[in-house]
Structures are given as structure tokens and as C-alpha cells.
């Protein structure tokens, strides 16, 4: 799904579930069913991000619920589901919106409060909603004494409400917030404030300073005080705040909660609200006012014009109020400024808003002091680099920069940042847009860059175009750079939004409309798309092009994240097309000296950038006159490029983390080879040494880059017999495992079409075929080396193309084909699992290319054909075996090759082609067992495919995946059940033939548990299903003898358990006394096996066998045998167990085996 589709799917235009919601609420009120509430919860959750869509339906939703609740309150009955529904509404839409629809009649006050008092043990949602409801009712415009049924002052309604609310301030749930809200609403009433305000503040101070207060109570009290400052009139607060609350702000008890972000946030919030109480509510007359802001007018502007609706800052200081500023404001502002440095975002954000609100009420002189001190925080821990003269930010605090950026945005939005400050502020904001400090293996600064985008967004809304005109180009370039090249998607989108806002509000950004169409919310969402496509499109505008190039050079290719360095280099490559000469004359000379750095991250990015730029110069036609002529005209540049590899510090190629450096170095060699850079022999030898050493590295990524470098280097500068001999020696070596991997891939990348290279090919093929086989020495049997050898063969076959038969002899072809077919039998395993599957998959892909190529050449050329029917039949048999084995990936690959050979290779004649076409549809889902095995099983009727296909089905039937086992085994059993036991027609497949085919697997895979264990499981299943009940006696005997031979001296418990099931099934299924006795004889022998698990399993199977005997066969002896089997403790091996076993021989009339003495 595209990003646009995702955005549309998550955006709704209206409340789609309105009718259903009302029906569910009606049902909930009437029946109180929990299922209705569950569904309502699901509906509300889908509107969590667009809760405003509920507004038209809130009244019909809430009113019936509240009416029902009022009835329950009157009867003092619990109705938790309705209260839970109201809580869900407050969670979705917010309590401030929901409370507006609650009834607030005077008569509800005492009943609701009494109901709350009785709900101490009820679900918390009841208490929460009651507190919220009371906070609305208690602001009725009547004296509370008139509705108070108690006449005693000490037991008055306000007193009781305050006491109950204070008890819930220490609650750990949502009731704490709602209780604080109720207290604030109560104390905001004048008559309650006069009686209880002072005592409540005193109580709060004592609780906060108490040694017994916990974090929940502290949070509750601070939250309550914040609400009190918000709701109570300023005149009621000032008398008590100066004496009681202001000292609280700086008390040492806050140090006890220094690690609690909520307490720190509440402290900041309380501080700013206390400060606001001491300052009269007013708008600063000195603030900057932009006046009327019209998007339509801005978009019509074609040049910077004077906005006639704009008014500037009022500098008349006489209009500032003469009100005296309290002394405590110094402490308030100091706390807020320190809050900008806090480690948690919620604290910094609260401090930033506090700074903005308080500054708005200060005289201009004091406000300028606050702003000046705040801006000094940008310079904290910075210093000027002596070499470059630039500001070094490595020691600054990211938290401080984030907090100050948020504060700057808040001040700008309120018009408190006067235009004369912009010259000072904007350079810091532009630095914040690219703030990225490395810390260990990662970096910090995402939140700073995001806040800087917010600042730029707020500037667009706050200032007139002529004010920002001097800074437009700098802001525009930096926002574009961040929009396309930032690592984080949220920052790219924030920068894009800020750019879009500036285009709309200011109308000054160069090519603004074109840019916002290219870099919108969705296009910058994908990092690769932003770097490679959006950046390329924007670079068509010269205003932004060079800023983007500079950012890529100075930041992206030096980034701590490898992915960004790679994308940065690729982006530079894309931008070369717009101005090749700039890259030749400025960028490359700037990058080449950096290749001698000892910083591995910078070195990696620089080498990649040089490589990609050089390759891009070739593709953008600057070398059309020929590479030699181009480099001759840029002699100094070519010499500098040739010396880059030699200038890499040797330690950086071998130390920890050097794999990235080697990747980039090999990529540079590849690209310089592709552009035919002229080099002396010494340079070429150095390059060759680096490539060869990289081929021997253990990292696969390094080897891949080295292989591509080897290919390009050899194609441009040539390769001789000595180099081929070195490669083949490395491939044949059993000691250099990593070298075998790399060189096997490397020789496959060479071109062998040239006449002088034909005689190399026989040796190369023989070496790769040998390296692809299973090695006898365990340490040399490396899966990656074998896989890479096959990939090398595949590359050679593709490289030869139509020259295959003219270069490769028939004998070499037969060797190659047989080697690849042998690779299909590689089932090597290690701690990673079936690593042989890697070899089998690439072998099948190689075989597809080989067979299709050779069959086409055989049909189009005269002479002896390379492919024979026997070869094709053997190959198809091997592929069919792979197509039904355990691993999904292997089955899909084999199925794809089979279908390609059957349906897409007209020049190939496949044995029993019609059977395969009828059974295997082109679109068959090879990874779906339920559809695959019913389709494949009928192919067992083809004799030349039967053995391999049966082997594959059996190994799957003995697997561990439940669906695979079920479908493969059931299809095999059903197929064999439908076979006739014998037939006069020799071409008809019979049960006897299938059984003998199954028996042949014992000999073919003797002592190979990978096949034998599933084989035993399948035979046991065939006995259990009755499929083998009609088989001949000699088949049963052969199965028994083969099973016995496989399990002799075996210590594999799973294998032995499978054998027990075979014996038990054989004893139950056959009617032959001879076969039955031999099977039971073997089972009785296992009753004294060394493993307790085997003894217990045999006893269970024997008991099951005896309990299912027919009535005529059940005797007293069998009943006694059953008794012995159930009463004997088979888990311990002692003389009693042996005696019990011996007695079973007599009871079941089974001759006891006699050990033969050795002669």
C-alpha cells in the first residue's frame, strides 16, 4: 500500500459509527451487557486521533447515559458499565469537553457527593466520573450553605467535600487528578475560599514537607495547586501565595524527587502559574504585531512588497504599565530558565510555555533581559575552532538547545521576539536545524532539529514578509536540506511542513510552490526516495543545488550511520548530472584530501563519494570524447585519484571495524576501473593487493565489493595466467575457508570469451566443481564456500552465453552437470540448521540457466547434442525431490525451476512431460502444503521419478511442521490406499511395488538418520492406517530386518521410538503368525532396554495391542499379560522387570531368543 493510501485509510471525514453507537448505548442502558461496552470501546479507539469528529454526537450520547446514572445515584446502586463508558469518552475527547454535557442542577450536588462517599470499594471509573461531575456542579451560582442539609459549620458540605477530596490526592489512579480538580473548583468560590483557602494551603505545605508523604500525594497536591492557580481569581490567591506558596517553589523536598519527571514538570507548571498570578493579565503593548495575515495575498505577491496591514513593534515604553514587579519573579524566572535545561521533554516544554506566558506580561526592559539570558544558553559550552573559525558544538547539551528552541518558538508566536533580535537568533536556529552530536555508536539531536523546524514554522506565522526577507534564502536552503537529507522521518516531515508554511505565509521562498509539490509529507516519508529522487528533482533549482551538495559533503557522507553515508554518496552521484564541472573542479578536489583521514566513518563516506562521483561523470557524457582524452585533460585530478587508495592509513584496513573501509575502497577501485583511470604499475599492484586481501576477509559484504572490484579491474587492466593460478590455488586450499569463498565468486566474474582465456576454463570449472561438493574434512565443508562456488559457475555460464558450446567441451559439460546435480544432495547441517539448503537453492538456479541455454543451443546448432533424455530425466527427478521437501524456500525455488523447464523451454523434451503438465499447474503455490502434495503425489506413478519423489515426500512427512507433516503423510497414505495389491499389467503401479520402493530406501540411505527416521515414522503411519495390512509377508520381514539393523546399537531415542511404533503396527496389522511373533519378540526385547523412555513406550504399545485383540484371541494368558504390563514399574531396570519380561514370553507364547555363542 502506498503512503497516500495509508494516509487516506487513517483519515476519516465524519463519525461513521454514529448510528451504531447510539444503538449500542441504548442497549447498554437497558441490558447492562459488557459486550456492548467492548464494542463501544473498539469504536472510540478508532477515533483517538480524530476525536473532534464525535462532537456532533456527544449530546445524544451523553444525555441518556447521565439520566440513567442519575437514577442509579438516587437509588444508591452501582452501574460500573455506564461510568466506564463515560471514562472512555473522557479518554477519547477529554474531560473538559465531556463535562459540558453533564447535568449541573443544584439538587444533584449532595446526592452525587453521598454516592461518591459510598463508592470507596467500587471500580475507580465511578469515583473518577463523580469527581469530574462534582467539579461542574459545585460552581453553581448559589451559596453552598443553602443546599447544605447539615447545619453544623464543622460538618458543612464544603468541609466534607474538601476532606474527601484530600484523601484521594494520594490515590494512584485517575481519581487523584479529578479530586484535585474538585478542590480547585471549590476553592475558586469566594465564600469557600474565605473559609478554607488558607487552611488548605497550610495543609498542602505540611504534607509536602512531611517525611511520610509519598510521590503520588506530592503529585496530587502539586497538580491541585496548579488547577487552583488556573481557576481561582487572582485577588483570592495573592494573600496566601506570598506567604505560603512562593516558599514552596524553592524548598529542598523537591530534591527528593529529582529523578521523577512528573514532579519536575508539575513544579515548573506551578511556578509559571504562580508567576502569572503576581502579574496582571495583559498583552504586552511593546510586542510585535503582524496584523492581518492573508494567505491569498501572500500567494499573489511576485516580489517582496510592503504589507500595508503590518504594524511593527510599538517602542513607546510609556505604554508599559507602571505596576511594580514582585521580588519573587526573579526566582520564578530562574526556575523556568533552568527548566529549559531539564533532561525530560515534558519539563522543557512546560518551561518554554511558561517563559512565553510570563514574558508577555513583563515590561519591555525586563522581557528583553529574560530573552537575552535565554539566548545566551545557545552559547553555553561552545567554543570557536582555531583552524576553521566555526563554532564547535561537541560539548553543548542537547536538552538545553531543545528547551531554548521551544522557548524561542513560543516567544515568536506571541510576538515577544522583536525583529531586531532575528539577526542574533536565526544563525543559532540554522545550526539547530542540523544539530547532530555523536555519542558513542549513535547520535543525539533529533528533538533539537524537530524543535528548530517548529521555530521556523512559528516565524512564518509571526513576522511580515519584509521582516524575514534578509533571511529567506538561508532559511529556505536549510529547510530544503533537512527535508530531504535528515536521517529521521519525523524531522524531514517537520521541515517540509515548516517550508510549506513559509511558502504560504511569506510568499518569498524561491520556487516555493514547485518545491512543496516535490517534497511533501508523503514523498519525504521514505528515506531513500527523499535522498535519491526528491533531492534530484529539487537540485534542478540552482538556489538549492549547492547547499544540498555542501550538506552531503560536510554532513551526510561523514554521518555516524553507515546507511546515511551510503545514501549520501548515492545522492551525490545523482546530483552530478546537474553540474558535472562543479564536481570536477570543486567537489573532488575537496574530497580527495579527506581520504587520508584516520576517522574510519569519514574515510568510508569519502571513498564512497569519490567512487560514485567518478562513475556518475562517466554516465553523464562528460567522457564522451573518450576516457583517455578526458583524463589527459585532467592530469592532476587523475593522479590524485590514483593515489587515494595508497593514501589510506594501513591500520584502518585491518583494525576492528575496517570492513566498512574495505567495502568503500573496493568500490572506489571498481569505479575507477570502470572509468579507465590511467595508473602506473605500482598503483595497479597496490590495488590488486587490496582486492585480493579483501577477497580473503570473513565478512560477506566485503567479499561482494571485492568481487565486483576484481571483475572491473580485470576487465580494464587485464588478468594473466599467474593471477588465475593464484585464484585456483586459493579455491583448492582446504585451510583458507574465507579465501575459498571470495575467490570462488571472483573467478566467476571473469570473461572467458577471449581466445587466449579458453584454456583456463577447464581448470576453473574443475576447481569450482570440486569446491562445490561436500568435503570429507569437517572443517573444510564450509557451506558459504560451496554456495559461492556454485554461484561462480552460474556467473560463468551466463557470461559465456551463446559461446557455451564452442568453448566448453561435452566432457566438461557432463562434469559440470553431474557436479550441480550432486549439489542437490548436499544436506550439510551446523548450528545454523540446514545450511546445505543454500547450496541446493543456488544449484537449482544454476541448473535452470544451464539447461535452458544448452537445450536452445542443441536445437539451433548442428553436431552432437550435449543433453540426453537420461540426463533430463535424472535432473527432473532430483528437482521433484527438492520440490516436496521440508523448507518452503527450497520448494519454491525447485517449483519455479520445474515450471520454467516445463512451460518456458520449448526446446527441451522432458520424459513424461504430459504427466507433469497435468499434475503441476503453472501457478501452483509451492509453499502451501495443502495444495502442493495432492497435486504432486500422482507423479509417483512415473517410474523414473518415483524413488526421488517418494524420498522427498517421506522426509517431509517426518518433519516438525504440523501442517507439512499432516498434508504430506495423508496424501501418501491416501495414494497408497488406492493402489491395487498386485496387477498383471506390469506398467500399473501396485502396493507391492511401492512397498519394495520404500524398502529400497533403507539400503540407499543406510545409517542416514535424516531419511531413515522420517521413513520409520511413515512406515509406522502406514501400519497404523492399515495400508500395509495386505502386503506380502516377505515385505513385513524385510521391513522388520531393516528396522532392526538401523536401530542396532542406536542411542537416538526418537529413532528407537519410531521403530517401536513400526513393530507395534506390524504386530497389529499382519495376519501372519511368523511376522507377528518376530515383531512381538523384538518388542519384548526392548522391555529391558537401557533407556526408561523406550521401556515405558513398549509397555504402552504392548498393552494397547493386547487390549484390542479380538474376543476369540483374548485368553486368560493375555489378560495376565495385561496385568503384568500395567503393574510393573518399567521406569526402573532391575531383576523384577527382567522376570516380568520373561514371564511375558510364556504368556504370549513367544519363543525367547537365544544368544548364539561366538565360535
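In UniProt numbering, the protein residues as written are 1 to 1159.
Ideal Cβ placement from N, Cα and C applies to all residues, glycine included.
From a predicted model like this one, the values you see are computed outputs, not experimental measurements.
- Hey, residue 1148 and residue 1080 are a contact pair by Cβ (cut 8 Å); roughly how many whole angstroms apart? As a position in the chain shown, residue 1148 is number 1148, starting the count at 1. As a position in the chain shown, residue 1080 is number 1080, starting the count at 1. Yes, residue 1148 and residue 1080 are in contact; Cβ-Cβ is about 6 Å, under 8 Å.
- Considering only C-alpha positions, which residue in the set 1103, 174, 1098, 1035 is nearest to residue 1075? As a first step, residue 1075 is located in the chain shown; it is residue number 1075 there, counting from the start. Taking only the C-alpha atoms, the option nearest residue 1075 is 1035.
- Query: For residue 549, does the three-state DSSP call read helix, strand or coil?
  - Reply: Stepping through the chain shown from its first residue, residue 549 is reached at position 549. DSSP places residue 549 in helix when its eight states are reduced to three.
- In whole angstroms, what separates the C-alpha of residue 1128 from that of residue 885? Position 1128 of the chain shown holds residue 1128. Position 885 of the chain shown holds residue 885. About 42 Å.
- Is residue 1082 near the ligand FAD, in the sense that its beta carbon is under 6 Å from a heavy atom of that ligand? Although the ligand FAD was asked about, the structure shown includes no ligands whatsoever.
- Task: Starting from residue 391, follow its DSSP beta bridges and name the residues at the other end.
- Result: Translated into positions along the chain shown, residue 391 becomes position 391. In DSSP, residue 391 forms a bridge with 384.
- Item | Test item: CB-CB of residue 957 and residue 938 under 7 Å | For the purposes of this step, residue 957 is identified with residue 957 of the chain shown, where counting begins at 1. For the purposes of this step, residue 938 is identified with residue 938 of the chain shown, where counting begins at 1. Between residue 957 and residue 938, the C-beta spacing is not below 7 Å.
- Integer Cβ distance of residue 666 from residue 715, believed to fall under 8 Å: Stepping through the chain shown from its first residue, residue 666 is reached at position 666. Stepping through the chain shown from its first residue, residue 715 is reached at position 715. Not quite, the Cβ-Cβ distance comes to about 15 Å (not below 8 Å), so this is no contact.
- Query: In terms of residues, what are the limits of the alpha helix (DSSP H) holding residue 68?
  - Reply: In the chain shown, the residue the question calls residue 68 occupies position 68. The continuous alpha helix (DSSP H) containing residue 68 extends over residues 55-74.
- Report buried or exposed for residue 150, applying the criterion of at least 16 other Cβ atoms within 10 angstroms of its Cβ. Stepping through the chain shown from its first residue, residue 150 is reached at position 150. By the C-beta density criterion, residue 150 is exposed, having fewer than 16 other C-beta atoms within 10 angstroms.
- Item | DSSP beta-bridge partners of residue 605 | By 1-based counting over the chain shown, the position of residue 605 is 605. According to DSSP, residue 605 bridges with nothing at all.
- Query: By Cβ distance below 8 Å, which residues in the same chain neighbour residue 661 in space, the five residues on each side in sequence not counted?
  - Reply: Taking the chain shown and counting its residues from 1, the one referred to as residue 661 is at position 661. Counting only Cβ-Cβ distances below 8 Å, and skipping sequence neighbours, we find 600, 603, 604, 607, 648, 652, 653.
- Query: Which partner residues of residue 437 appear in the DSSP bridge assignment?
  - Reply: Against the chain shown, residue 437 aligns to sequence position 437. DSSP output for residue 437 lists 444 as bridge partner(s).
- Can you say whether residue 1106 is buried or exposed, counting buried as having 16 or more other CB atoms within 10 angstroms of its CB? Counted from its first residue, the chain shown places residue 1106 at position 1106. When all chains shown are included, residue 1106 counts as buried.
- Query: Does the beta-carbon distance from residue 1045 to residue 1020 come in below 7 Å?
  - Reply: Position 1045 of the chain shown, counting from 1, holds the residue named residue 1045. Position 1020 of the chain shown, counting from 1, holds the residue named residue 1020. No. Outside cutoff.
- Query: Would you report the Cα separation of residue 467 and residue 675, rounded to the nearest angstrom?
  - Reply: Residue 467 sits at position 467 when you count from the first residue of the chain shown. Residue 675 sits at position 675 when you count from the first residue of the chain shown. Cα to Cα, the separation comes out at about 50 Å.
- Query: Along the chain, where does the alpha helix (DSSP H) that runs through residue 1067 open and close?
  - Reply: Position 1067 of the chain shown, counted from the start, is the residue given in the question as residue 1067. Here the alpha helix (DSSP H) through residue 1067 covers 1053-1069.
- Is the segment 899-914 in contact with the segment 971-990, if contact means three or more CB pairs nearer than 8 Å? Output reads no: the segment 971-990 does not touch the segment 899-914.
- Task: Just mark residue 385 as buried or exposed, buried being the case when its beta carbon has 16 or more other beta carbons within 10 Å.
- Result: Numbered from its first residue, the chain shown carries residue 385 at position 385. Here residue 385 is exposed, its C-beta having fewer than 16 other C-beta atoms within 10 Å.
- Go through its chain and collect everything with a Cβ distance to residue 237's Cβ below 7 Å, but skip five positions before and after it. Stepping through the chain shown from its first residue, residue 237 is reached at position 237. By the criterion of a C-beta distance shorter than 7 Å, residue 237 is surrounded in its chain by 229, 277, once the five residues flanking it on both sides are discounted.
- Message: Do residue 556 and residue 549 have their beta-carbon atoms positioned less than 7 Å apart in this structure?
- Response: In the chain shown, counting from the first residue as 1, residue 549 sits at position 549. In the chain shown, counting from the first residue as 1, residue 556 sits at position 556. Going by C-beta atoms, residue 549 is not nearer than 7 Å to residue 556.
- Task: Give the secondary structure of residue 599 by DSSP, where H, G and I count as helix, E and B as strand, and everything else as coil.
- Result: The residue you call residue 599 lines up with position 599 of the chain shown. Residue 599: coil per DSSP, three-state reduction.
- Quick one: what's got a C-beta closer than 6 Å to residue 936's C-beta in the same chain, skipping five residues either side? Counting from 1 along the chain shown, the entry for residue 936 is found at position 936. Hits under 6 Å: 884.
- DSSP-derived helix/strand/coil call for residue 974: Here the question's residue 974 lines up with position 974 in the chain shown. Under the three-state reduction of DSSP, residue 974 is assigned to helix.
- Output the distance between the C-alpha atoms of residue 1146 and residue 1032, rounded to the nearest integer angstrom. Here the question's residue 1146 lines up with position 1146 in the chain shown. Here the question's residue 1032 lines up with position 1032 in the chain shown. In a straight line, the C-alpha of residue 1146 is about 28 Å away from that of residue 1032.
- Task: Since I believe residue 945 is in contact with residue 880 (beta carbons under 8 Å), could you give me their beta-carbon distance rounded to a whole number of angstroms?
- Result: Against the chain shown, residue 880 aligns to sequence position 880. Against the chain shown, residue 945 aligns to sequence position 945. Rounded to the nearest angstrom, the Cβ distance from residue 880 to residue 945 is 5 Å, consistent with a contact under 8 Å.
- Query: Shortest alpha-carbon distance to residue 646 belongs to which of 611, 683, 560, 1152?
  - Reply: As a position in the chain shown, residue 646 is number 646, starting the count at 1. The shortest Cα separation from residue 646 among 611, 683, 560, 1152 belongs to 683.
- Any idea which residues DSSP pairs residue 1149 with across the strands? The residue you call residue 1149 lines up with position 1149 of the chain shown. Paired residues: none, contrary to the question.
- Query: What's the gap between the Cα of residue 399 and the Cα of residue 377?
  - Reply: In the chain shown, counting from the first residue as 1, residue 399 sits at position 399. In the chain shown, counting from the first residue as 1, residue 377 sits at position 377. Using only the alpha carbons, I get a separation of about 11 Å.
- Task: Give me whichever residues DSSP pairs with residue 833 in a beta bridge.
- Result: Here residue 833 refers to the residue found at position 833 of the chain shown. Residue 833 pairs with 830.
- Message: If contact is defined by three or more beta carbon pairs under 8 Å, each pair taking one atom from either stretch, is the segment 914-934 in contact with the segment 861-870?
- Response: No: fewer than three Cβ pairs fall under 8 Å.
- Item | Short Cβ contact (7 Å threshold) for residue 290 with residue 476 | The sequence position of residue 290 within the chain shown is 290, counting from 1. The sequence position of residue 476 within the chain shown is 476, counting from 1. Judged by beta-carbon spacing, residue 476 lies beyond the 7 Å limit of residue 290, meaning their Cβ atoms are not closer than that value.
- Cα-Cα, which of 457, 1067, 816 is closest to residue 491? Within the chain shown, the letter at position 491 stands for residue 491. Checking every option, the nearest Cα to that of residue 491 belongs to 457.
- Item | residue 316 to residue 52 span [Cα, whole Å] | The sequence position of residue 316 within the chain shown is 316, counting from 1. The sequence position of residue 52 within the chain shown is 52, counting from 1. With a pLDDT of 44 at residue 316, under the threshold of 50, the predicted position of this residue should be treated as unreliable, though the coordinate-derived value follows. Those two C-alpha atoms are separated by around 43 Å.
- Among 551, 546, 657, 631, which one has its Cα closest to the Cα of residue 598? If you number the chain shown from 1, residue 598 lands on position 598. Minimum Cα distance to residue 598 is reached at 657.
- Message: Please give the ranges of any alpha helix (DSSP H) in the segment 632-719, keeping only runs that are unbroken, at least 4 residues long and fully inside the region.
- Response: DSSP runs (the alpha helix (DSSP H)) wholly in the segment 632-719: 635-642, 658-674, 681-695, 700-717.
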